[in-house]
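First comes the structure, then the notes that go with it.
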Amino acid sequence: MPTEEVKSLLEETRVLDEKYDQLSRLLSYPEILADAKYMRFLVQEQTTLKPIHGARQRLLKLVEDGDFCLEELKNNGKDRKFYEAELAEINEKIIPVCEEIKKLLADGGEIDLNGCTIELSGDARGVAILKETYIDLAESIRCGISVDKNVLTVGEGGYGAFKSQGGRHKFVFTDDGKQNSCEVLVIVLPKTEIKKVTWSEKDLRIDIYHSSGAGGQNVNKVASAVRITHLPTGIAVSCQEERSQLFNKERAFAMLEKKLAERNEKEVAQRTEELRRQQIKANGYVETHKITQ
Numbered sequence: 005m006p007t008e009e010v011k012s013l014l015e016e017t018r019v020l021d022e023k024y025d026q027l028s029r030l031l032s033y034p035e036i037l038a039d040a041k042y043m044r045f046l047v048q049e050q051t052t053l054k055p056i057h058g059a060r061q062r063l064l065k066l067v068e069d070g071d072f073c074l075e076e077l078k079n080n081g082k083d084r085k086f087y088e089a090e091l092a093e094i095n096e097k098i099i100p101v102c103e104e105i106k107k108l109l110a111d112g113g114e115i116d117l118n119g120c121t122i123e124l125s126g127d128a129r130g131v132a133i134l135k136e137t138y139i140d141l142a143e144s145i146r147c148g149i150s151v152d153k154n155v156l157t158v159g160e161g162g163y164g165a166f167k168s169q170g171g172r173h174k175f176v177f178t179d180d181g182k183q184n185s186c187e188v189l190v191i192v193l194p195k196t197e198i199k200k201v202t203w204s205e206k207d208l209r210i211d212i213y214h215s216s217g218a219g220g221q222n223v224n225k226v227a228s229a230v231r232i233t234h235l236p237t238g239i240a241v242s243c244q245e246e247r248s249q250l251f252n253k254e255r256a257f258a259m260l261e262k263k264l265a266e267r268n269e270k271e272v273a274q275r276t277e278e279l280r281r282q283q284i285k286a287n288g289y290v291e292t293h294k295i296t297q
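The numbering used here numbers the first residue of the sequence shown as 5 and each following residue consecutively.
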């Protein structure tokens with residue numbers, strides 16, 4: 005019963021749903037409940053995933069009900085009209101749930117569960133203080149952290165924990181009764197995986213045409229050239245190198261997959277760069293730290 009879109013959404017959300025269940029189990033352990041800071045961090049992670057978890061469960065239930073109706077239509081002829089009406093209603097309900105899941109994924113709430121990098125630049129004293137503070141925090145919430153000069157790499161869940169730190173921090177030092185201030189710029193960037201390239205048949209238009217140019221006396225006699233257009237993005241590729249339409253189609257699919265992967269990589273890079281620009285250009289200070297020495 006599931007369409008290609010439904011299958012794709014269920015697969016995209018599978019890992020997130022497994023993470024939600026894992027967090028539920030962790031939050032039932034007495035040793036976790038005894039660690040208030042770590043427990044708050046896990047609750048924050050679970051809250052981020054709760055909308056996707058709920059929508060996915062509703063979609064799974066609709067798919068299950070739809071499969072039941074299809075099975076009854078095969079085996080129960082006398083109630084056919086009833087099950088046909090039920091199946092039509094289920095299909096109508098699936099549409100808004102799919103749209104809800106797509107919106108939740110597009111909004112990027114699940115990105116809080118990713119790791120991150122934290123780049124520190126500015127006054128050396130302020131950088132040292134923030135570096136120590138962030139290391140302590142990452143260790144206390146068990147994210148895992150590594151340090152390479154002024155770049156910190158935080159493990160899973162790090163982006164949700166540190167994203168609010170991105171921007172300019174002001175430090176006010178009191179030295180011998182005199183106040184001095186300085187700034188530290190903090191750039192927090194999520195580790196974002198490049199999504200695997202997928203498509204369904206309805207996303208593609210495949211045109212077959214006669215090859216042109218060199219290639220032997222048979223090249224123009226058989227329609228063997230292939231052009232594939234990915235309708236959602238408008239990306240088109242064509243191949244006419246081989247006399248076999250099948251070989252040309254296989255090569256065209258490989259070319260399309262490469263172009264879509266490059267497009268995904270470019271989009272991730274653009275989003276990351278936009279996050280960097282926003283943190284650099286943000287007005288005001290994220291936090292003012294008063295240090296007495």
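Beta carbons: idealized from backbone N, C-alpha and C, even for Gly. Just so you know, these numbers come straight off a predicted model, no measurement behind them.
Cβ-Cβ separation, residue j to residue i (assumed contact under 8 Å), whole Å
i: S185; j: V176; result: 5 Å
i: V188; j: D116; result: Not really, about 23 Å apart at Cβ, beyond 8 Å.
i: L53; j: L13; result: Actually they are not in contact, since the Cβ atoms of L53 and L13 sit about 15 Å apart, beyond 8 Å.
i: Y289; j: K107; result: So it is not a contact: roughly 33 Å between Cβ atoms.
i: Y33; j: Q50; result: Actually they do not touch by this definition, with Cβ atoms about 14 Å apart.
i: I191; j: G162; result: Contact doesn't hold; Cβ gap of about 14 Å is too wide.
Residue i versus residue j: straight-line alpha-carbon distance, rounded
i: I232; j: S248; result: 16 Å
i: R172; j: I284; result: 7 Å
i: S204; j: K253; result: 16 Å
i: Q183; j: E136; result: 23 Å
i: A40; j: D140; result: 15 Å
i: V47; j: T7; result: 34 Å
i: Q26; j: T178; result: 47 Å
i: T202; j: C147; result: 31 Å
i: A110; j: G181; result: 52 Å
i: N268; j: K195; result: 14 Å
i: K270; j: D207; result: 21 Å
i: A229; j: K199; result: 30 Å
i: E15; j: D69; result: 19 Å
i: Y42; j: I36; result: 7 Å
i: R60; j: V67; result: 11 Å
i: R209; j: L260; result: 12 Å
i: T276; j: L64; result: 33 Å
i: S28; j: G164; result: 18 Å
i: R281; j: Q274; result: 10 Å
i: K153; j: G159; result: 17 Å
i: K11; j: G130; result: 49 Å
i: L134; j: T292; result: 12 Å
i: L77; j: L279; result: 52 Å
i: V241; j: A258; result: 10 Å
i: R62; j: F86; result: 22 Å
i: E9; j: E104; result: 13 Å
i: A156; j: E246; result: A small fix is needed here, since residue 156 is Leu in this sequence, not Ala. If I take the Cα positions, the gap works out to 51 Å.
i: I149; j: A38; result: 23 Å
Heavy atom of the ligand SAM within 7 Å of residue i beta-carbon
i: K135; result: Only the bare structure without any ligand can be found here, which leaves the ligand SAM out of the picture.
Neighbour-count burial assignment, residue i, 16 or more Cβ in a 10 Å radius
i: R84; result: exposed
i: Q244; result: buried
i: F166; result: buried
i: K294; result: exposed
i: N287; result: exposed
i: T17; result: buried
i: I212; result: exposed
i: F45; result: buried
i: N118; result: buried
i: H57; result: buried
i: V151; result: exposed
i: A132; result: exposed
i: A256; result: buried
i: L74; result: exposed
i: L250; result: exposed
Q | Any 3 or more C-beta pairs closer than 8 Å across the segment 230–243 and the segment 264–276 | A | yes
Q: Give a yes or no on contact between the segment 124–140 and the segment 81–101, applying the rule of three or more CB pairs nearer than 8 Å.
A: no
Q) What runs of the beta strand (DSSP E), each 3 residues or longer, lie entirely inside the segment 159–192? A) 171–179
Q) Curious, which full-length alpha helix (DSSP H) runs of at least 4 residues does the segment 73–137 contain? A) As far as the segment 73–137 is concerned, its whole alpha helix (DSSP H) runs of at least 4 residues are 84–111.
Q: Determine, using beta-carbon pairs with one atom in the segment 138–152 and one in the segment 96–107, whether at least three such pairs fall under 8 Å.
A: With the cut-off at 8 Å, the segment 138–152 and the segment 96–107 do not touch.
Q: List in chain order: all unbroken beta strand (DSSP E) runs of 3+ residues lying wholly within the segment 211–278.
A: 229–234 and 239–243
Q. For the segment 22–73, which segments carrying the alpha helix (DSSP H) assignment without a break, of at least 4 residues, lie completely within its bounds, in sequence order?
A. 34–37
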